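In our numbering, the protein residues as written are -7 to 259.
One structure is given below, encoded as structure tokens.
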DNA sequence: AACCCGGGGGC
DNA sequence: GCCCCAGGGTT
């Protein structure tokens, strides 16, 4: 299949498989920023209700910047990878203080924001500003592996970038990537995804029995009410994971201890 | 380069 | 019970 046949096939899939999402109906940079942070390692179906709650609670990026971190963490609670809530809070404050409250439309400036890496920066440029930049994530990998690398054991992102660059629709990058996302998600749902073909693929450690499982329990508890240290410990698994998780959360600034009480960090 | 960071749904 | 999900930060 040559490049033109490929692009025609993708556009056909894009029409067939289009998924409606709140951040597709409104591509304001703030919508895209929030959705992309939430979508890191998290499925679309789980993000949509959290996204709507978040936007209802914090209608503008200034509302996030002004809010205590504890409020952002509470809204985030249940979505997972709670550090992202702190990253988003810090990014909102930085956009207000360093960028006049305007989310930047340049790659380097976006990369300077906490929680925004190469993928998220590229996604913001594509989806919000409609710029034809190359970025790689799991659905993009799935589509290109399926069509161009069937008989190759391992594929590097460098090889992938060349193909993406050759096939990207420079006139309609936003809709083009929407199509890649929808088609890639479709392929994986139907068992055609082979993400382990990527040289960057790493199997993640199980959650069960891990420290980060206890981190989640601590944050979930503190999202509801404050605890005395011993009171909280008694409600947690009785092993070393609790102490490790607690120290990490204190160090990272997600939680704070004042007067023998533990609570979500306010500032 | 290796490790850490949630929680849930699909299978 | 195992897997992965619109990845990024730290060491």
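For glycine and all other residues, C-beta sits at the position ideal for the given N, C-alpha and C.
Please read all numbers here as calculations on a predicted model, not as lab measurements.
Restricting attention to 107, 131, 35 and 231, the CA atom closest to the CA of residue 85 is found in 107. In the pairwise beta carbon analysis, the segment 39 to 52 is classified as not touching the segment 205 to 213: fewer than three pairs are separated by under 8 Å. In the three-state reduction of the DSSP assignment, residue 162 falls in the coil class.
Around the C-beta of residue 12, fewer than 16 other C-beta atoms lie within 10 Å, and the residue is accordingly described as exposed.
Under the DSSP assignment, residue 19 falls outside any alpha helix (DSSP H); it carries neither an H nor an E label. The Cβ atoms of residue 224 and residue 62 lie no closer than 9 Å to each other.
When the five nearest sequence neighbours on each side are left out, the beta carbons in the same chain lying within less than 8 Å of the beta carbon of residue 153 are those of 126 and 128, in order along the chain. In the DSSP assignment, residue 256 falls within the unbroken beta strand (DSSP E) covering 253 to 256.
Around the beta-carbon of residue 120, 16 or more other beta-carbon atoms lie within 10 Å, marking it buried.
Classified as exposed, residue 157 has fewer than 16 neighbouring CB atoms from the shown chains inside 10 Å of its CB.
If you ignore the 5 residues before and after residue 227, its C-beta comes within less than 7 Å of the C-beta of 213, all in its own chain and listed in chain order. One alpha carbon belongs to residue 52, the other to residue 19, and they sit about 14 Å apart. The three-state reading of DSSP puts residue 26 in helix, counting H, G and I together. Shown here, residue 248 sits in a strand according to DSSP, grouped into three states. Contact check for residue 79 and residue 29: beta-carbon distance about 7 Å, within the 8 Å limit, so the pair qualifies.
In this structure, the beta-carbon distance from residue 105 to residue 83 falls below 9 Å. With a minimum length of 4 residues, the unbroken runs of alpha helix (DSSP H) contained wholly in the segment 53 to 136 fall at 53 to 58, 61 to 68, 75 to 90, 99 to 103 and 110 to 119.
The shortest C-alpha to C-alpha distance from residue 196 to any of 33, 60, -4 and 39 is the one to 33. Annotated three-state conformation of residue 220 is strand, per DSSP. One thing to note: residue 159 has its Cβ no nearer than 9 Å to the Cβ of residue 124.
Linking residue 87 to residue 143 through their CA atoms gives a straight-line distance of about 45 Å. Relative to the Cα of residue 42, the nearest Cα in the group 17, 72 and 57 belongs to 72. Using a Cβ distance threshold of 9 Å, residue 189 and residue 133 count as a contacting pair.
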